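To convert, note that position 201 of the sequence shown is 201 in the UniProt record's numbering; the numbers rise steadily by one, no gaps. Every residue gets a Cβ at the ideal spot worked out from N, C-alpha and C, and that includes glycine. All values derive from a computational prediction rather than experimental measurement.
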Amino acid sequence: MGGYQMTEKQDQHATLILWSLAISAFAIGSTEFISVGLLPLLVSQFKISLAMASLTVSGYAFGVMIGAPVLTILTARWNRHTLMVGIMIVFILGNLIAASAQNFVWLLFGRLIAAVIHGLFMSVSSVIAADVVAPSKRASAIAMIFTGLTVATVTGVPLGTFIGQHFGWRFSFLFLALIGLASLLATWILIPRNLPVGKAIQLKNIGRLIADKKILLALLLTVFGYGSTFTSYTYISPIMTGLMHFQASTVVIILIVYGLMVAIGNTVGGRFANQNPLTGLLWMFAFLTVVQFLLGMFINFKWLGLIMVLFLGLFAFMNVPGEQLVIVQLAEQDHPEDIGLASALNISAFNIGIMIGSGLGSQIVETTGLAMTPYVGVLMGVLAIGLTWILKRVVK
């Protein structure tokens, strides 16, 4: 890729860059999914339905979807160090607004502020990560950033849930603001100030990318493959307490183990993606779909259901490095001047998937109940398998 040529010294710098990005991804990842563990508390605080409370998940995804391409275009020529510092400042502000919200609308507003820069961070950081390592290590570099997200799932989300249960949900968002402050310091110190500036991006280039059949297929498989998990994951806390009859305190422990499974899956997914991303994605989507079907079957059984929840964690984010690498590779081949924008569009696709998955899940919760949510994920998974198979044939 682009102009950051590797030397031995720069290879050492690359490791520091990846670590700083992973730390920031940890902060942002904790924010993205913390609402999953706080839904019951928000329902109680604001006297709203579970479906309404889930807007803290889907609304966040909406902010990411909009922010990723728009802010990537507007900030394309910014110094990368300055941009990353600005991202973390806005992130802290969003969480402080959420923590001080006196009504549900202000909570959503704070979530939206934090979400808008989330997409920009992920699109820029993925390009930086892929640009500072050897081509054979790109998927692993991207996976390292997403490992920051998965470590957030392991520790940040359960810890935020624990804080919410014992001290109130506001302290959960204050906790995120503190992590954001630590991330801001890491960004200021570790991100070099001389990283290459991206090229100017035209808004019309979005249409050109989407008109490319391969790019469009890659975006769609991200939407349905990644989004399929969120039909049930969005409601994992009420599923475990209401259907599997675990205590709320036990759910925190389960979320930690779930996060460990996610971290393992993400690492495995990065290694498979390095070899053959589309073939790897085909298998990952297949396993994820089977697991969601089995979760639906055993959702009312305490221990069998728990096993399926943990397997869901293993496969939930395994596809992420491959999905991001596919879009970068396709853009590199046919649209080298728009790699950053293609990456941003894929971040939007991730969050369109979250919106669709959690949105469909909320409709199912309101009409047929929590127990049916995994089956909607199965349908989305089947679509992802079909789209991946088609893209594999088109690329050949």
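Exercise for the section: Indicate, with yes or no, if the ligand PLP has a heavy atom lying under 8 angstroms from the CB of Ala-349. Expected result: What this structure holds is no ligand at all, so the ligand PLP is not there to describe.
Practice task
Would you mind working out which of Gly-357, Ser-30 and Phe-121 sits nearest Thr-82, comparing C-alpha positions?
Solution key: The residue labelled residue 82 in the question sits at position 82 within the sequence shown. The shortest C-alpha separation from Thr-82 is found at Phe-121.
Problem - alpha helix (DSSP H) runs wholly inside the region 3 to 91, at least 4 long, in chain order - result: 8 to 46, 50 to 53 and 55 to 74
Problem - Between the CA atoms of Val-36 and Met-380 - distance to the nearest angstrom - result: What you label residue 380 is simply residue 380 of the sequence shown in a count that begins at 1. What you label residue 36 is simply residue 36 of the sequence shown in a count that begins at 1. Rounded to whole angstroms, Met-380 to Val-36 spans 20 angstroms at the Cα level.
Exercise for the section: Determine the direct distance from the alpha carbon of Gly-198 to that of Leu-74, and round the result to whole angstroms. Expected result: One-based indexing of the sequence shown puts residue 74 at position 74. One-based indexing of the sequence shown puts residue 198 at position 198. Straight-line Cα distance between these residues: approximately 11 angstroms.
Handout entry: Beta-carbon separation (whole angstroms), Ile-66 vs Ser-183, contact threshold 8 angstroms
Key = Translated into positions along the sequence shown, residue 66 becomes position 66. Translated into positions along the sequence shown, residue 183 becomes position 183. With 8 angstroms as the limit, Ile-66 and Ser-183 do not qualify as a contact, their Cβ atoms being about 22 angstroms apart.
Problem - Three-state class that DSSP yields for Arg-170 in the structure shown - result: Here the question's residue 170 lines up with position 170 in the sequence shown. Helix at Arg-170.
Handout entry: Exposure label - His-118; buried when at least 16 CB within 10 Å
Key = Counting from one through the sequence shown, the residue named residue 118 turns up at place 118. Buried, by the Cβ-count rule.
Handout entry: Endpoints, alpha helix (DSSP H) assigned at Ile-109
Key = The sequence position of residue 109 within the sequence shown is 109, counting from 1. Reading the sequence as shown, one finds Phe at residue 109 and not Ile. That run of the alpha helix (DSSP H) goes 104 to 131.
Practice task
Classify Leu-111 as buried or exposed, calling it buried when 16 or more other Cβ atoms lie within 10 Å of its own Cβ.
Solution key: For the purposes of this step, residue 111 is identified with residue 111 of the sequence shown, where counting begins at 1. One point to set straight first is that residue 111 is Arg, not Leu, in the sequence displayed. Arg-111 should be labelled buried.
Problem - Exposure of Gly-377, with buried meaning 16 or more beta-carbon neighbours within 10 Å - result: In the sequence shown, the residue the question calls residue 377 occupies position 377. Per the 10 Å Cβ criterion, buried.
Problem - Same chain, Cβ closer than 7 angstroms to Phe-311, neighbours up to 5 away in sequence not counted - result: For the purposes of this step, residue 311 is taken as the residue at position 311 of the sequence shown. The answer, listed in chain order, is Val-291.
Exercise for the section: Taking only the alpha-carbon atoms, compute the straight-line gap between Gly-3 and Trp-389 and give it to the nearest angstrom. Expected result: Position 3 of the sequence shown, counted from the start, is the residue given in the question as residue 3. Position 389 of the sequence shown, counted from the start, is the residue given in the question as residue 389. Low confidence applies here, because Gly-3 scores a pLDDT of 44, under 50, leaving its location unreliable and the question unanswered by this model.
Problem - Endpoints, alpha helix (DSSP H) assigned at Gln-363 - result: Mapped onto the sequence shown, residue 363 falls at position 363. Taken as a continuous stretch (DSSP letters only), the alpha helix (DSSP H) holding Gln-363 covers 339 to 367.
Problem - Contact under 9 angstroms by Cβ, Ala-51 with Gln-363 - result: Position 51 of the sequence shown, counted from the start, is the residue given in the question as residue 51. Position 363 of the sequence shown, counted from the start, is the residue given in the question as residue 363. Yes, the Cβ-Cβ distance between Ala-51 and Gln-363 is below 9 angstroms.
Handout entry: Sequence-distant residues of its chain with Cβ nearer than 6 angstroms to Leu-360 (five each side left out)
Key = Looking up residue 360 in the sequence shown gives position 360. Cβ neighbours of Leu-360 beyond the five flanking positions: Thr-231 and Val-376.
Exercise for the section: Pick out whichever of Leu-149, Leu-217, Gly-59 and Glu-332 has its Cα sitting closest to the Cα of Phe-26. Expected result: Position 26 of the sequence shown, counted from the start, is the residue given in the question as residue 26. Of the listed residues, the one whose Cα sits closest to Phe-26 is Leu-149.
Practice task
Can you grab the Cα-Cα spacing for the pair Arg-393 / His-245, in whole Å?
Solution key: On the sequence shown, position 393 is the one that residue 393 refers to. On the sequence shown, position 245 is the one that residue 245 refers to. Their Cα atoms are separated by approximately 45 angstroms.
Practice task
Check the C-beta distance from Asn-351 over to Val-124 and give it rounded, since I have them as a contact under 8 angstroms.
Solution key: Taking the first residue of the sequence shown as 1, we reach residue 351 at position 351. Taking the first residue of the sequence shown as 1, we reach residue 124 at position 124. About 16 angstroms separates the two Cβ atoms, so there is no contact after all.
Exercise for the section: Report the residue from Thr-15, Asn-194 and Thr-250 whose alpha carbon sits nearest the alpha carbon of residue 470. Expected result: Given that the chain is displayed from residue 1 to residue 396, the structure contains no residue 470 and the question cannot be resolved.
Exercise for the section: Return the chain-ordered ranges of every alpha helix (DSSP H) run that is complete within the region 190 to 260 and spans a minimum of 4 residues. Expected result: 205 to 211, 213 to 227 and 230 to 233
Handout entry: Nearest residue (CA-CA) to Leu-243, options Phe-317, Ile-264, Ala-344 and Ala-371
Key = Start at 1 with the first residue of the sequence shown, and residue 243 comes out as number 243. The option with the nearest alpha carbon to Leu-243 is Ala-371.
Problem - Straight-line Cα distance separating Asp-338 from Trp-78 - result: To locate residue 78, count along the sequence shown from 1; it is residue 78. To locate residue 338, count along the sequence shown from 1; it is residue 338. Between Trp-78 and Asp-338, the C-alpha separation is close to 16 angstroms.
Practice task
Could you say which of Trp-169, Thr-250, Gly-269 and Leu-93 lies nearest to Glu-323 if we only look at CA atoms?
Solution key: Counting from 1 along the sequence shown, the entry for residue 323 is found at position 323. Of the listed residues, the one whose Cα sits closest to Glu-323 is Gly-269.
Practice task
Check Met-1 in the structure and name its three-state DSSP category.
Solution key: Locating residue 1 in the sequence shown gives position 1, where the first residue counts as 1. Residue confidence is low: Met-1 scores 43 on pLDDT, short of 50, so the model does not pin down where it sits. Its coordinate-derived value is still stated next. Note: Met-1 maps to coil in three-state DSSP.
Handout entry: Meets three-Cβ-pair contact criterion under 8 angstroms: the region 172 to 188 and the region 82 to 93
Key = Contact between the region 172 to 188 and the region 82 to 93 is present, with at least three C-beta pairs closer than 8 angstroms.
Problem - Span separating the alpha-carbon of Ala-200 from that of Gln-333 - result: Counting from one through the sequence shown, the residue named residue 200 turns up at place 200. Counting from one through the sequence shown, the residue named residue 333 turns up at place 333. Cα to Cα, Ala-200 sits roughly 19 angstroms from Gln-333.
Practice task
For the alpha helix (DSSP H) containing Phe-298, list its first residue and its last residue.
Solution key: Mapped onto the sequence shown, residue 298 falls at position 298. Start and end: 277 to 298.
Practice task
Step through the CB atoms of chain B and report whether any lies within less than 9 angstroms of the CB of Thr-229.
Solution key: The question asks about chain B, but that chain is absent: this structure has only one protein chain.
Practice task
Compute the distance between the beta-carbons of Leu-21 and Ile-128, then report whether it is under 9 angstroms.
Solution key: By one-based count along the sequence shown, residue 21 stands at place 21. By one-based count along the sequence shown, residue 128 stands at place 128. Result yes, Cβ atoms of Leu-21 and Ile-128 sit closer than 9 angstroms.
Practice task
Report yes if the C-beta distance between Thr-234 and Ala-349 is below 9 angstroms; otherwise report no.
Solution key: The residue given as residue 234 occupies position 234 in the sequence shown. The residue given as residue 349 occupies position 349 in the sequence shown. Cβ atoms of Thr-234 and Ala-349: not closer than 9 angstroms.
Practice task
Please classify Asn-319: does DSSP put it in a helix, a strand, or coil?
Solution key: One-based indexing of the sequence shown puts residue 319 at position 319. Coil, per DSSP.
Exercise for the section: Identify whether Ser-100 lies in helix, strand or coil by the three-state DSSP scheme. Expected result: Residue mapping note: residue 100 aligns to position 100 of the sequence shown, counting from 1. Here Ser-100 sits in coil by DSSP.
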